[in-house]
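If you use my numbering, the sequence shown corresponds to residues 22 to 148, in order. Report on the structure given below.
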Amino acid sequence: MTTSQLMYDYLCRNEMNPEDVGGDIYFEHEGRKFIFVNDDRDATFFEIDMLYLLSVPTDSADTILRIINNVNCKQKLVKLVLVNGYVNASAEIILDSSPELGDLVPRLIKLLVHAQDAFNSQFAQAV
Numbered sequence: 022m023t024t025s026q027l028m029y030d031y032l033c034r035n036e037m038n039p040e041d042v043g044g045d046i047y048f049e050h051e052g053r054k055f056i057f058v059n060d061d062r063d064a065t066f067f068e069i070d071m072l073y074l075l076s077v078p079t080d081s082a083d084t085i086l087r088i089i090n091n092v093n094c095k096q097k098l099v100k101l102v103l104v105n106g107y108v109n110a111s112a113e114i115i116l117d118s119s120p121e122l123g124d125l126v127p128r129l130i131k132l133l134v135h136a137q138d139a140f141n142s143q144f145a146q147a148v
């Protein structure tokens, strides 16, 4: 079974409403939107992104990039990125030969939420 199939099955079992879109899997958890990014060329690569943390107004892009840098310097496995005018969070790891998604996925989601909280806190202080 592929990593993508394992992830889809895990999300179904945990009622996260997965939707396969061109091989990538969109899902929601506690009101947040995520995507599992599938890479058929590398079965050991595992990426979950949390989408749309903030829509960035053009006039505050410099402040947003500074905050992203500050947060990224303090996070493990998670990086914030600015994509098409939105701040997103991304967690990437390399899987072993028998991944336990029941341990892995909740931990990565917690790390993504922690990065979102850190970003929101710094953003609130900056504006």
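Glycine included, C-beta positions come from ideal geometry on N, C-alpha and C.
Could you check whether the segment 105–122 touches the segment 26–33, counting it as contact only if at least three pairs of C-beta atoms, one from each stretch, sit closer than 8 Å?
yes
- Item | Distance between beta carbons of L129 and I69, contact taken as under 8 Å | Separation of the CB atoms of I69 and L129 is rounded to 5 Å, and the pair is thereby assigned contact status at 8 Å.
**Message:** Which residues does DSSP list as the beta-bridge partners of F55?
**Reply:** F48 and M71
Would you mind sorting N105 into buried or exposed? The rule is 16 or more other CB atoms within 10 Å of its CB. exposed
Just the C-alpha distance for N91 and A112, rounded to the nearest angstrom, thanks. 17 Å
Discussion item. Helix, strand or coil, according to DSSP, for A64 in the structure here?
Written reply: Shown here, A64 sits in coil according to DSSP, grouped into three states, outside any helix or strand.
- Query: Quick one, which of N141, N109, G52 and V148 has its alpha-carbon nearest L72's?
  - Reply: N109
Candidates F55, G44 and T23: which alpha carbon is nearest T38's? It is Asn, not Thr, that sits at residue 38 in the sequence shown. Checked all of F55, G44 and T23; the closest Cα to N38 is F55.
Just tell me which of Q96, V134, L98 and F140 has its CA closest to the CA of L86.
F140
Taking the beta carbon of I89 as the centre, do at least 16 other beta carbons fall within 10 Å, making it buried, or is it exposed? buried
- Query: Going straight from the alpha carbon of Q26 to that of E51, what length do you get?
  - Reply: Going by the C-alpha atoms only, they are around 22 Å apart.
| request: Compare the Cα-Cα distances from N59 to each of P127, L116, Y107 and A136 and report the closest residue. | output: Nearest of P127, L116, Y107 and A136 to N59, Cα basis: L116.
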